[in-house]
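2 protein chains.
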Amino acid sequence: MTAGSTGNDGPRRIKSVQTATDVINVIKQQQGGTLAEITADLELTKATVHTYLQTLVDCGFVTRDGDQYRLGFQFVTIGEHVRNETDLYMAGHNEVDELAERTGEYTHLIAEERGREVVLYESRGEFAVAMDYHLRMRETPQHLHDTAAGKAILAHLPATRRDEIIANLEFERQTANTITDAAELRETLADIRDRGYALNDEEEIRGMRAVGAPVLGPTETVVGSVSVTGPTSRLQGERFHSAVPKQVIETANLIEVALETAQFDR
Amino acid sequence: MTAGSTGNDGPRRIKSVQTATDVINVIKQQQGGTLAEITADLELTKATVHTYLQTLVDCGFVTRDGDQYRLGFQFVTIGEHVRNETDLYMAGHNEVDELAERTGEYTHLIAEERGREVVLYESRGEFAVAMDYHLRMRETPQHLHDTAAGKAILAHLPATRRDEIIANLEFERQTANTITDAAELRETLADIRDRGYALNDEEEIRGMRAVGAPVLGPTETVVGSVSVTGPTSRLQGERFHSAVPKQVIETANLIEVALETAQFDR
DNA sequence: GAATCCGTTTGATAATCGCAAATACTTAAG
DNA sequence: CTTAAGTATTTGCGATTATCAAACGGATTC
């Protein structure tokens, strides 16, 4: 009971914070639930979970409505704060709006974190039809290999980080066109670097195509990407392979200029 | 040293979670900082803060970029999730867009939590000029007594909750027109209930007026509010006192109908 | 009115957090 | 190149705290 009792190696962490994160994730997954329901998905006692919930309510991360616990609006306001602190968002969201106006489709401003893509901003052109898919996309970080925006980022990341991310990918097949192995992905990424833009030809969702271009920072490192998404019926032939790519790249370049020029006072 | 040593009463909480929240708030305030800078604003050792930061990075709430710690994009995605779970947002954001188009001004969809207003959605009409104020408003929960949207909510809350919130208000003077005592506020709120809409006549920011109307839920409880904000030069006379209030109320009513009709599948 | 289900509180103790101090790593200065 | 001063990171150990049982209270059902 003295040495190596638990075999607990690795760097030191605050266990309670990890547990609180678990609680938050369960609430998120369950879309709100009672103490009993939340406890059921955790390996803890009712009493313990109760203490965590009380604490999280105090801290503003959870709200209680009768016997239902839900995530608090604090996530909305802090999320907004984080976005407004992000140079890419401040430099890019107006350009992404304009891209939506010019193309009439859905446009996105994407960043990367922990090997997943994060939707910083979404704009809806006049022909874009509301889709549940977009809700989910904004809520849950997606893989980088089966979207145009993600591939555009992945293609331009430093080789070491790219390798690391690819190594940890699970190539889950979404449609008939999904890229399902690393070799194929690497080839595609090389093409993307040559062409300067990425395509998504129904690789994530049947019937949907997309065009994405990287936004490169001052030091040539990729800071994010821009994309246009629409139904295959409208994204075809010359428009898909030339006109829209040109517009997407132009938008990405405008954002790059804005990033270098403007100093978002810090 | 046995009984009442620390005099620690009150309900039980997880201290580490409260500490982690402190760390997050310091990072938010500092807009990102080094370990040393973050430690300076906390009554903890460098070593301890370090462990917290490592844990928060693991959990995705903080990212590290060299020696700079910042809040992670997870706040953006969870925030989006929380918004999409909120019936008021799902039922209201399109209506708020239309209100912006019809009035040409800034429009907001507001909810309340912990006695503060939360901006669920903001839409910009064609005459609306970008203002830093709106950024701050979306980031930080505001008081309910010095905005049109806030007063509209406050006026229609159950009396007990209203009293509780008013009791905890600090009436900080923002402009010459700010309401600065509870009695005056209560009178205004009674007027708002009579008229059905709230006005803000340069009470928060000089030169800015606003009109707000409550969104009432099925059980007559207020679930939020809608508002139009613009410069005094454009919000005057009949437009300020009749035309815009009518439009704001109409939008609020449309959202009420959408809330009762649609079942946002749970 | 008993029984069953929730949420909440509490006592006790093993586990943990948090400080101090030591150790690595970077940058600046001599 | 060496020293110095500033970081960040690791570690031992004691005081604090988180966790589980188990009891309690409050609501709803049978």
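These protein sequence lines are chains A and B, in that order.
Using this note's numbering, read the first sequence as starting at 8 and increasing by one per residue.
Using this note's numbering, read the second sequence as starting at 8 and increasing by one per residue.
A virtual CB, placed ideally from N, CA and C, is assigned to each residue, including glycine.
Because the structure is a prediction, the values reported are computed rather than measured.
1. Going along the chain, which residues of its own chain have a beta-carbon closer than 7 Å to the beta-carbon of G203/B, five neighbours each way excluded?
2. If you draw a straight line from the alpha carbon of A159/A to that of D188/B, how long is it in whole angstroms?
3. Which residue from A135/B, E146/B, G122/B, D139/B puts its Cα closest to that of L242/B?
4. Is the closest heavy atom of the ligand MN to the C-beta of A54/A under 7 Å?
5. How about V233/B: is its C-beta nearer than 8 Å to some C-beta of chain A?
6. Count the other CB atoms within 10 Å of the CB of Q254/A; is the residue buried (16 or more) or exposed (fewer)?
7. Closer than 6 Å by C-beta to T13/B: which residues in its own chain qualify, once you throw out the five before and the five after it? Chain order, please.
8. Could you list the residues in the stretch 76-87 of chain B with a C-beta less than 9 Å from some C-beta on chain A, going in chain order?
9. Do you know how far the Cα of L196/B is from the Cα of D117/B?
10. Have a look at G214/B, N260/B, P238/B and flag the residue whose alpha-carbon is nearest the alpha-carbon of E112/B.
11. Does DSSP put M215/A in a helix, a strand or coil?
12. Residue ranges of each beta strand (DSSP E) run of no fewer than 3 residues wholly in the stretch 86-149 of chain B, ordered along the chain?
13. Could you spell out the range, first to last residue, of the alpha helix (DSSP H) harbouring N260/B?
14. For the stretch 206-221 of chain B and the stretch 177-192 of chain B, state whether three or more C-beta atom pairs, one from each stretch, are separated by less than 8 Å.
15. Return the Cβ separation of A27/A and V24/B in integer angstroms, given the expectation that the two are a contact with Cβ distance under 8 Å.
16. What residues match up with P238/A in a beta bridge as DSSP calls it?
17. Over what stretch of residues does the alpha helix (DSSP H) that includes A27/A continue unbroken?
18. To the nearest angstrom, how far is the alpha carbon of Q81/B from that of H152/B?
19. Measuring only between beta-carbons, confirm whether T147/B sits less than 8 Å from chain A.
20. Are the C-beta of H269/B and some C-beta of chain A separated by less than 8 Å?
21. How would you write the range of the beta strand (DSSP E) that T6/B sits in, first residue to last?
22. Between the alpha carbons of L266/B and L51/B, how many angstroms are there, rounded?
23. Output yes or no for whether 8 Å exceeds the beta carbon distance between A162/A and L206/A.
24. Helix, strand or coil for Y76/A? Go by DSSP, reduced to three states.
25. Going by Cα to Cα distance, which pick from T46/B, S240/B, A43/B, V251/B is closest to E108/B?
26. Rounding to the nearest angstrom, what Cα-Cα distance links T110/A and R216/A in this structure?
Based on what the coordinates show:
1. Closer than 7 Å at Cβ, skipping near neighbours: A220, I256.
2. If you take the alpha carbons of A159/A and D188/B, they lie about 56 Å apart.
3. Ranking A135/B, E146/B, G122/B, D139/B by CA distance to the CA of L242/B puts A135/B first.
4. Absence of the ligand MN from the depicted structure is noted, as is the absence of any ligand whatsoever, leaving it without description.
5. For V233/B, the answer is no, since every Cβ of chain A falls outside 8 Å of its Cβ.
6. With 16 or more other CB atoms across the displayed protein chains lying within 10 angstroms of its CB, Q254/A is buried.
7. Residue confidence for T13/B is low, a pLDDT of 45 falling below 50, so the modelled location carries little weight and cannot support an answer.
8. Cβ contacts with chain A: R77, L78, G79, F80, Q81, F82, V83, T84, I85, G86, E87.
9. Looking at the sequence shown, residue 117/B is not Asp but Ile. Between I117/B and L196/B, the C-alpha separation is close to 17 Å.
10. Nearest option by C-alpha distance: P238/B.
11. Strand at M215/A.
12. Correct list: 113-120, 123-131.
13. Taken as a continuous stretch (DSSP letters only), the alpha helix (DSSP H) holding N260/B covers 251-268.
14. Segments in contact, yes.
15. Sure, about 5 Å apart at Cβ, within 8 Å.
16. DSSP output for P238/A lists M215/A as bridge partner(s).
17. For A27/A, the uninterrupted alpha helix (DSSP H) run begins and ends at 22-37, by DSSP.
18. H152/B has its alpha-carbon roughly 31 Å from the corresponding atom of Q81/B.
19. It does; some Cβ of chain A falls within 8 Å.
20. Reading off the sequence shown, one finds Ala at residue 269/B, where the question assumed His. No, its Cβ sits nowhere closer than 8 Å to a Cβ of chain A.
21. The requested residue 6/B does not occur in the structure, where chain B is confined to residues 8 to 273.
22. L51/B has its alpha-carbon roughly 47 Å from the corresponding atom of L266/B.
23. No, the pair does not count as a contact, with Cβ atoms beyond the cut-off.
24. Here DSSP, grouped into helix, strand and coil, assigns Y76/A to strand.
25. Considering only alpha carbons, the answer is V251/B.
26. So the alpha carbons of these two residues sit roughly 14 Å apart.
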